[in-house]
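Peer 1: Pasting in a structure now, in structure tokens, and then I'll have a few things to ask.
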Amino acid sequence: MLVVYGRSVRCNPDELKNRIDSHSYDRIFGPTAVRKVFFRQDEALKFARPYGSDMMVFSYESDCLGQAGPRMFLACSVQSFFHYYRQMSPFARCHYEVIAEDKPAKLYLDLEFSIPANPNTNGPDAAAVFIKAVCSALDLFYHVTVQPKEVLILDASTPKKFSQHVILNNPQVVFASNLEQGPLMRLIIDALEVFAGLRDTVSVQENDCSRRAICTGCQAAIERLTQHAFPSFNISPSSAKRCFVLPPVDEATVEHVTPLSICDYGVYTKNRNFRIAGSRKLSGSGILWPVGIHEPTSLVNIWPTYFSFAQTLVTFFSSERPCTLSRPVNCTCGQRHFASPPVPQCFSRNTVSARVPLNQDCLAPELISFVESVLDHWSERGLQRQSEEKHYYAKQRERPKLWKVNYIAPGRFTVSADKLRFCERIGRDHRSNHIALVFDLLDGCYYQRCLDPDCRALDYRSLSELFDIIPTPEIVV
Numbered sequence: 246m247l248v249v250y251g252r253s254v255r256c257n258p259d260e261l262k263n264r265i266d267s268h269s270y271d272r273i274f275g276p277t278a279v280r281k282v283f284f285r286q287d288e289a290l291k292f293a294r295p296y297g298s299d300m301m302v303f304s305y306e307s308d309c310l311g312q313a314g315p316r317m318f319l320a321c322s323v324q325s326f327f328h329y330y331r332q333m334s335p336f337a338r339c340h341y342e343v344i345a346e347d348k349p350a351k352l353y354l355d356l357e358f359s360i361p362a363n364p365n366t367n368g369p370d371a372a373a374v375f376i377k378a379v380c381s382a383l384d385l386f387y388h389v390t391v392q393p394k395e396v397l398i399l400d401a402s403t404p405k406k407f408s409q410h411v412i413l414n415n416p417q418v419v420f421a422s423n424l425e426q427g428p429l430m431r432l433i434i435d436a437l438e439v440f441a442g443l444r445d446t447v448s449v450q451e452n453d454c455s456r457r458a459i460c461t462g463c464q465a466a467i468e469r470l471t472q473h474a475f476p477s478f479n480i481s482p483s484s485a486k487r488c489f490v491l492p493p494v495d496e497a498t499v500e501h502v503t504p505l506s507i508c509d510y511g512v513y514t515k516n517r518n519f520r521i522a523g524s525r526k527l528s529g530s531g532i533l534w535p536v537g538i539h540e541p542t543s544l545v546n547i548w549p550t551y552f553s554f555a556q557t558l559v560t561f562f563s564s565e566r567p568c569t570l571s572r573p574v575n576c577t578c579g580q581r582h583f584a585s586p587p588v589p590q591c592f593s594r595n596t597v598s599a600r601v602p603l604n605q606d607c608l609a610p611e612l613i614s615f616v617e618s619v620l621d622h623w624s625e626r627g628l629q630r631q632s633e634e635k636h637y638y639a640k641q642r643e644r645p646k647l648w649k650v651n652y653i654a655p656g657r658f659t660v661s662a663d664k665l666r667f668c669e670r671i672g673r674d675h676r677s678n679h680i681a682l683v684f685d686l687l688d689g690c691y692y693q694r695c696l697d698p699d700c701r702a703l704d705y706r707s708l709s710e711l712f713d714i715i716p717t718p719e720i721v722v
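Counting from 246, one number per residue, gives the positions in the sequence shown under this note's numbering.
Here is the structure:
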């Protein structure tokens, strides 16, 4: 019952909630008081979903959980989170925002590179060029102008690593999910690479795993970026080259190392954990502070209220649900990073058994050699996007010595191997989950399946790599 101008008015709270926007509802009835900790991320997300936009999920690391990387997950409102977060010791803040796959997300960037491997690279200048390229793409594809005051830059750089998080607080730059941002960032990175001339100066061999096939739609978008968007924002080829750096290498370097973009493309994945302002990594890193703040300071001196702090979050919005953007191109690119290894001519009914045994030694010698060549290539692909925490080495990765063949159906089998973790969906190695390669002798192709829970939930399989084989009735037996 509500009292309005001295009169008692009966009103259903659910009906009242439908009349006003969610932000006003939160201000009238207050923040959600519920706080609950979970061991599993999926359980926390499931719990938070019925509460609406006011409830968010955060993850955190703690010394009491061990140094191996396990995280706990907290479901609570932003107000409740900030109330406790601001009182914590700076070294106890190891927190991440869980960017839920079903929530709208501001455009965000993770810019980083190794300083020892790139001593002549000016990090802030390179980041400024990349941000300018992103703004030019937003202007080209969505006709949105981003103002400098709407660009929030958080810095956690150390003497060994340049690291910045960038969040665009423009109400018109909100995507349906962070998964929709990935194709846009891939376009920008490819366009900068072409504009900088790296596609011409870097030789692409048949076994080069750093390149991907580009569809006609993406090719047209790249041409629009390089011919119109970049020049209109005063981006030159020489400045575009600053956006590419060398990965960390050990002393046993090879003659040529492929430059990588300063933008980490791997952060646009399902339910991504994105480090929040004022936090550090438990394994050791700088604390994320706004650019220009170098001295240790109190969190409330920078963000005195929860609302000011909430502007640093990717999935927090101060008004009702915003209009959302989607990827600029319906991409049909094949995620083919390297040419398939040559297939032996003897792939025929005389050398390929219909029922593939579990023992690899029972396979035809030519088939064993072919499988091993595929494993070689797949291992090299993981080398391209190795994270800095696990150290990137420019030397060749050895083929897994132990690999197993599993029978599925006549003419089809899977190959699994220790440390075989490169996944095409995320463009890098899974940290703990393995993948399997499926060889289909009837259709003459092989593809990747994944043991990662997120990939399995999507029923993900990579695009097929074709090879020459003659299907015969004997193979189908």
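C-beta: ideal position from N, C-alpha, C; glycine also.
If you run the structure through DSSP and keep just helix, strand and coil, what is K351?
Peer 2: K351 sits in a strand when the DSSP states are folded into three classes.
Peer 1: Which residue comes first and which comes last in the beta strand (DSSP E) that contains E288?
Peer 2: Per DSSP, E288 belongs to no beta strand (DSSP E); it is in the alpha helix (DSSP H), Q286 to A293.
Peer 1: When we look at the beta-carbon of Y329 and count the other beta-carbons within 10 Å, is it buried (16 or more) or exposed?
Peer 2: exposed
Peer 1: Can you say whether T542 is buried or exposed, counting buried as having 16 or more other CB atoms within 10 angstroms of its CB?
Peer 2: exposed
Peer 1: Any heavy atom of the ligand HEM within a distance shorter than 7 Å of the CB on L319?
Peer 2: Of ligands this structure carries none, so the ligand HEM is not represented either.
Peer 1: Along the chain, where does the beta strand (DSSP E) containing V279 start, and where does it finish?
Peer 2: That residue, V279, is in no beta strand (DSSP E); it is neither H nor E in DSSP.
Peer 1: Three or more C-beta pairs closer than 8 Å, one from the stretch 515 to 524 and one from the stretch 334 to 348: is that the case here?
Peer 2: yes
Peer 1: Hey, quick one: how far does the alpha helix (DSSP H) through K377 stretch, first residue to last?
Peer 2: G368 to Y387
Peer 1: How many whole angstroms separate the CB atoms of R670 and C695, which I take to be in contact at a CB cut-off of 8 Å?
Peer 2: 7 Å
Peer 1: Using the Cα positions of S359 and A436, report the straight-line distance between them to the nearest angstrom.
Peer 2: 23 Å
Peer 1: Determine the closest residue to C488 out of V683, K377, A278 and G672, with distance taken between C-alpha atoms.
Peer 2: Restricting attention to V683, K377, A278 and G672, the CA atom closest to the CA of C488 is found in K377.
Peer 1: Identify which residue in K486, S614 and G427 has its Cα closest to the Cα of A371.
Peer 2: K486
Peer 1: Please list the terminal residues of the continuous alpha helix (DSSP H) segment that includes V439.
Peer 2: Q426 to F440
Peer 1: Whole angstroms is fine: what's the gap from L708's alpha carbon to L570's?
Peer 2: In a straight line, the C-alpha of L708 is about 27 Å away from that of L570.
Peer 1: Check the DSSP bridge columns for P535 and list the partner residues they point to.
Peer 2: L399
Peer 1: Is the beta carbon of V226 less than 8 Å from the beta carbon of L397?
Peer 2: With the chain represented from 246 up to 722, any question about residue 226 goes unanswered, as that position is not in the structure.
Peer 1: Helix, strand or coil for H679 per DSSP?
Peer 2: coil
Peer 1: The beta strand (DSSP E) spanning C690 covers which residue range?
Peer 2: C690 to C695
Peer 1: Tell me whether I538 is buried or exposed, calling it buried when 16 or more other Cβ atoms sit within 10 Å of its Cβ.
Peer 2: exposed
Peer 1: Taking the alpha carbon of L356 as the reference point, which residue from F292, I467, V391 and M430 has its own alpha carbon closest?
Peer 2: Closest by C-alpha distance to L356, out of F292, I467, V391 and M430, is M430.
Peer 1: In chain order, what residues of the same chain have a beta carbon less than 8 Å from the beta carbon of R469, not counting five sequence neighbours either side?
Peer 2: L385
Peer 1: What do you get for Q332, buried or exposed, if any count of 16 or more other CB atoms within 10 angstroms of its CB means buried?
Peer 2: exposed
Peer 1: Taking the straight line between their C-alpha atoms, what separation do you get for N365 and F440?
Peer 2: 21 Å
Peer 1: For R673, which beta-bridge partners are listed by DSSP?
Peer 2: C668
Peer 1: Let me check understanding here. Comparing Cα to Cα, which of S304, R676 and P349 lies closest to G297?
Peer 2: P349
Peer 1: What does the alpha-carbon distance come out to for the pair T596 and F658?
Peer 2: For T596, the predicted model reports a pLDDT of 36, less than 50, meaning its position is unreliable and no value from the coordinates is stated.
Peer 1: Between the Cα of S381 and those of P335, F475, N651 and D674, spot the shortest distance and give me the residue it belongs to.
Peer 2: F475
Peer 1: Please determine, among F684, V545 and E625, the residue with the shortest C-alpha to C-alpha distance to F327.
Peer 2: V545
Peer 1: Give the DSSP-derived three-state secondary structure of I613 in the structure shown.
Peer 2: helix
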